[in-house]
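In the numbering used here, the protein residues as written are 929 to 1365.
Okay, structure coming up:
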């Protein structure tokens, strides 16, 4: 039952156990599973004695724990189970109940289960005195359906959501299995070259000793952790980092030279900068976001590419007054990359799966509906309203489009689909293109 995300058996150097367990206890002290990249960055700032190799080791291990968090919880519950607990049903685990149970397990025992899962029992922390008993227990659970699901990073309580997705996308069983398998692996670093710069960027990356794992015109990909920002291709502005699924959303927008585009929830500006390269000097991209600090990254990216046709403006697009200030009815394309559960980014952000709850989804739906309703008034006749999320959930995607169309008959659906995984080795995103009559 070796975890297939790692080609070689992981090593667990003994001298790092106290520090790894200390970090784990700090994680368990959080009220909910935090956003791990930011959380780790903060912890490493506090622990300045950690060297680069130490930080990489702890990051790799803790991100793996994110993917496999259900495994030690299920094993610990079964191992500690008494006769009176024999009828407990593990199929009711949710992200909330799993987190509660996860926090209660001693850090040494959490990691002990993952060491046993990797079948490197001799590397278990010395504080774990019942390794043989735990090994025997684990071996007896090999065919347990709940444990098999947990090894795939999955909770059975999520299955109704996946069943809806399978039906909506018409996935075959093979596609569904492939999609689930991909959720336990990291995607490559996808690059978007400036129009016509793909070959030049490729030569530059090869000259820097980097090997492409995918290439098609101006779309390139490198292995995870590749230091692309230290290359000439990056310094010259020939490439931008943008996941393939996000690039496909830009393609669906079908922006053309001279178009005026409003990117409603621009965030860090990956799509806004890509759209600015497509509309050209005669076009314009307005990038807005409720978070003014997020737009600073958009401005930095635009300056790096020397784009003068991209402008930013902080605003809350759910508010009628804010939308009216943008001269409603003047945009050829309005793009809404709506706030969502982030369920489509589990490959890069495995911690987000443990924040997926029905309550969280229901809280976001009114915001998604408001963004569609408010921003739609700014679409020119014949123009496109493009709704996107980084989620695979029908509840955040097709359901929201249907809700919008029920009150806006002047729009029709040109297309709606998931992009990225399982067709691409990328994140999973959704895009719907609606056209105004």
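All C-beta atoms, glycine included, are put in the ideal place defined by N, C-alpha and C.
It should be emphasised that the depicted structure is a prediction, and the values quoted were computed from it without experimental measurement.
Can you give me the C-alpha to C-alpha distance between residue 1142 and residue 1126, rounded to a whole angstrom?
The residue labelled residue 1142 in the question sits at position 214 within the chain shown. The residue labelled residue 1126 in the question sits at position 198 within the chain shown. Near 12 Å, if we compare the C-alpha coordinates of residue 1126 and residue 1142.
The beta strand (DSSP E) spanning residue 1216 covers which residue range?
As a working mapping, residue 1216 is identified with position 288 in the chain shown. It spans 1212-1217 - the beta strand (DSSP E) in which residue 1216 sits, taken as one unbroken run.
Looking at C-alpha atoms only, which residue of 1008, 973, 981 is the closest neighbour of residue 1058?
Taking the first residue of the chain shown as 1, we reach residue 1058 at position 130. For residue 1058, the nearest C-alpha among the options comes from 1008.
Within its chain, find whatever has a CB closer than 7 Å to the CB of residue 1017; leave out the 5 residues flanking it on each side and keep chain order.
Here residue 1017 refers to the residue found at position 89 when the chain shown is read from its first residue. Low per-residue confidence applies at residue 1017: pLDDT is 49, beneath 50, and the placement is therefore not dependable enough to give any value.
Nearest candidate by alpha-carbon position, reference residue 1283, set 1023, 986, 951, 985
Locating residue 1283 in the chain shown gives position 355, where the first residue counts as 1. Residue 1283 has its Cα closest to that of 1023, out of 1023, 986, 951, 985.
One question on the structure: do residue 1304 and residue 1257 come within less than 8 Å of each other, judged by their Cβ atoms?
Here residue 1304 refers to the residue found at position 376 when the chain shown is read from its first residue. Here residue 1257 refers to the residue found at position 329 when the chain shown is read from its first residue. Inclusion of residue 1304 and residue 1257 in the CB contact set at 8 Å is not warranted, their separation being larger than that value.
Helix, strand or coil at residue 1084 according to DSSP, with G and I counted as helix
Here residue 1084 is taken as the residue at index 156 of the chain shown, counted from 1. If DSSP states are grouped into helix, strand and coil, residue 1084 belongs with the helices.
I need the straight-line Cα distance from residue 1188 to residue 1347, nearest angstrom please.
Taking the first residue of the chain shown as 1, we reach residue 1188 at position 260. Taking the first residue of the chain shown as 1, we reach residue 1347 at position 419. In this model, residue 1188 and residue 1347 are separated by some 24 Å (Cα to Cα).
For chain C, is any of its Cβ atoms less than 8 Å away from the one on residue 1259?
Among the protein chains of the structure shown there is no chain C, as only one such chain exists.
Judging by CA-CA distance, which residue of 1323, 1262, 1268, 1322 is the nearest neighbour of residue 1339?
Walking along the chain shown from the start, residue 1339 turns up at place 411. For the options 1323, 1262, 1268, 1322, the alpha carbon positioned closest to that of residue 1339 is the one of 1262.
Give, in chain order, every unbroken run of the alpha helix (DSSP H) that is at least 4 residues long and sits entirely within the stretch 1227-1288.
You should have 1248-1252.
Under 8 Å: do the stretch 976-985 and the stretch 1055-1069 share three or more Cβ pairs, one atom per stretch?
No, the stretch 976-985 does not touch the stretch 1055-1069.
Same chain, Cβ closer than 6 Å to residue 1094, neighbours up to 5 away in sequence not counted
Mapped onto the chain shown, residue 1094 falls at position 166. Counting only Cβ-Cβ distances below 6 Å, and skipping sequence neighbours, we find 1104.
Helix, strand or coil for residue 960? Go by DSSP, reduced to three states.
In the chain shown, residue 960 corresponds to position 32, counting from 1. Note: residue 960 maps to coil in three-state DSSP.
Inspect the beta-carbon positions of residue 1032 and residue 1043 and report whether they are closer than 8 Å.
Locating residue 1032 in the chain shown gives position 104, where the first residue counts as 1. Locating residue 1043 in the chain shown gives position 115, where the first residue counts as 1. In this structure, residue 1043 does not lie closer than 8 Å to residue 1032 by Cβ.
Locate the alpha helix (DSSP H) running through residue 1107, then write down its first and last residues.
Counted from its first residue, the chain shown places residue 1107 at position 179. DSSP places residue 1107 in the uninterrupted alpha helix (DSSP H) bounded by 1101-1110.
Residue 1292 and residue 1324 - do their beta-carbons sit closer together than 8 Å?
On the chain shown, position 396 is the one that residue 1324 refers to. On the chain shown, position 364 is the one that residue 1292 refers to. Against a cut-off of 8 Å, the Cβ pair of residue 1292 and residue 1324 comes out as a contact.
Among the residues of its own chain, which have a CB less than 6 Å from the CB of residue 1005, if the five just before and after it don't count?
Indexing the chain shown from 1 puts residue 1005 at position 77. Nothing listed; no residue qualifies.
Does DSSP put residue 1188 in a helix, a strand or coil?
By one-based count along the chain shown, residue 1188 stands at place 260. DSSP, read as helix, strand or coil, puts residue 1188 in strand.
Helix, strand or coil: which one does DSSP assign to residue 1365?
Position 437 of the chain shown, counting from 1, holds the residue named residue 1365. In this structure, residue 1365 counts as coil in the three-state DSSP scheme.
Reduced DSSP category for residue 1011 - H, G, I as helix; E, B as strand; rest coil
Your numbering for residue 1011 matches position 83 in the chain shown. Low confidence applies to residue 1011: its pLDDT is 49, below 50, so where it sits in the model is not reliable enough to give any reading.
I'd like the list of long-range same chain contacts for residue 1368, defined as Cβ closer than 7 Å, with 5 residues on each side in sequence excluded.
Within the shown structure, residues of the chain are numbered from 929 to 1365, placing residue 1368 beyond reach of any answer.
Nearest-angstrom Cβ-Cβ length linking residue 1215 and residue 1178, presumed shorter than 8 Å:
Numbered from its first residue, the chain shown carries residue 1215 at position 287. Numbered from its first residue, the chain shown carries residue 1178 at position 250. The beta-carbon distance between residue 1215 and residue 1178, rounded to whole angstroms, is 13 Å. This is too long to meet the 8 Å contact definition.
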